[in-house]
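In the working numbering, the protein residues as written are -4 to 199. Notes to accompany the following structure.
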C-alpha cells in the first residue's frame, strides 16, 4: 500500500517536488507520456521512486500538476494582453493576441502536442482545457463590455474567434503547408477578428 500523499512545506521538500515536476515535463516532452515511467522520472530527478510516490499517486498526478503550470505559463501573457490593450485599437489588440498565441505554441510545442493528444482520452485534462476556454471567453467579453463595445451574441463570436486563433497558431507552428503564405493568412485572421467586434455592433 502506497504511503499517504503529502504536501511539502519545507524548502528542501518543495524543491524536490518541483524537481520531480520539472523532470516529468522534460521526459513527457522528449519521449511522450505513455513511454515515460515513474521510475524514469525519479531517476531524472535524482530521487527514489518512494520519494515520488510520497508527493504523487502516479505519473498522471504529475501530469496534472504540469498541466496547471503549462496553462499558467502559456496563457498568462494572453491575459496580460487583455489587461493592457484597448479595444479602441482593435487591430493592435487582435494582432497581439494572434502573435501571442503563435509564440506560446512555439515555446511549448512538444508539451502542447503531449497534452492535446491526451485531451480526448483523459477527462481531467479535458476539463482543465475547457475551463481555460471559458476563462478566455469570459475575460474578453468583459473587456469588450468595459470598453463600451456591445455586439450581438458576444460569447459565441468570441468563442469562434478563439477557435480561429487556435487553428492558425497550430497551422503556423505544426502543419507547414507549402502552398500557404502564412503572412497573408495572419492578415486574414486578424481582419476577421476585427470584423467580429466592429461590424456586428448591436443596433439601436
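No residue lacks a Cβ here, since even glycine has one placed at the ideal position from N, Cα and C. Source: prediction; values computed, not measured.
Outcome for residue i when other beta-carbon atoms lying within 10 angstroms are tallied against a minimum of 16
{"i": "residue 110", "result": "buried"}
{"i": "residue 95", "result": "buried"}
{"i": "residue 238", "result": "Any property of residue 238 remains undetermined from this structure, which presents the chain solely from -4 to 199."}
{"i": "residue 93", "result": "buried"}
{"i": "residue 50", "result": "buried"}
{"i": "residue 282", "result": "Summary: the structure shown does not reach residue 282, with the chain confined to residues -4 through 199, and so no result is reported for it."}
{"i": "residue 153", "result": "buried"}
{"i": "residue 85", "result": "buried"}
{"i": "residue 107", "result": "buried"}
{"i": "residue 7", "result": "exposed"}
{"i": "residue 20", "result": "buried"}
Reference residue i, options the options, closest by Cα
{"i": "residue 78", "options": "189, 142 and 177", "result": "142"}
{"i": "residue 102", "options": "165, 7 and 183", "result": "165"}
{"i": "residue 243", "options": "67, 96, 21 and 29", "result": "Since the first residue of the chain shown is -4 and the last is 199, residue 243 is not available in this structure."}
{"i": "residue 129", "options": "158, 43, 170 and 75", "result": "158"}
{"i": "residue 155", "options": "118, 113, 136 and 119", "result": "136"}
{"i": "residue 83", "options": "57, 147, 140 and 21", "result": "140"}
{"i": "residue 42", "options": "13, 134 and 107", "result": "13"}
{"i": "residue 112", "options": "58, 172, 88 and 177", "result": "58"}
{"i": "residue 22", "options": "36, 181 and 9", "result": "36"}
{"i": "residue 132", "options": "53, 172 and 74", "result": "74"}
Residue i to residue j span [Cα, whole Å]
{"i": "residue 193", "j": "residue 186", "result": "10 Å"}
{"i": "residue 48", "j": "residue 32", "result": "12 Å"}
{"i": "residue 149", "j": "residue 138", "result": "11 Å"}
{"i": "residue 190", "j": "residue 72", "result": "23 Å"}
{"i": "residue 34", "j": "residue 44", "result": "6 Å"}
{"i": "residue 69", "j": "residue 162", "result": "16 Å"}
{"i": "residue 170", "j": "residue 16", "result": "29 Å"}
{"i": "residue 1", "j": "residue 105", "result": "30 Å"}
{"i": "residue 198", "j": "residue 168", "result": "With a pLDDT of 46 at residue 198, under the threshold of 50, the predicted position of this residue should be treated as unreliable, though the coordinate-derived value follows. Each residue's alpha carbon lies about 39 Å from the other."}
{"i": "residue 179", "j": "residue 100", "result": "19 Å"}
{"i": "residue 184", "j": "residue 119", "result": "31 Å"}
{"i": "residue -4", "j": "residue 127", "result": "Note that residue -4 scores 40 on pLDDT, short of 50, meaning its location in the model is unreliable; the coordinates nonetheless yield the value given after this. For residue -4 and residue 127, the distance between alpha carbons rounds to 35 Å."}
{"i": "residue 67", "j": "residue 147", "result": "30 Å"}
{"i": "residue 5", "j": "residue 38", "result": "22 Å"}
{"i": "residue 182", "j": "residue 18", "result": "39 Å"}
Assess, as a yes-or-no matter, whether the stretch 54 to 74 is touched by the stretch 108 to 128 under the definition of 3 or more beta carbon pairs within less than 8 Å.
yes
When you compare the stretch 17 to 28 with the stretch 69 to 78, are there three or more beta-carbon pairs, one atom per stretch, that lie closer than 8 Å?
no
Would you list, in sequence order, the uninterrupted alpha helix (DSSP H) runs of no fewer than 4 residues that lie entirely inside the stretch 106 to 189?
118 to 141 and 149 to 165
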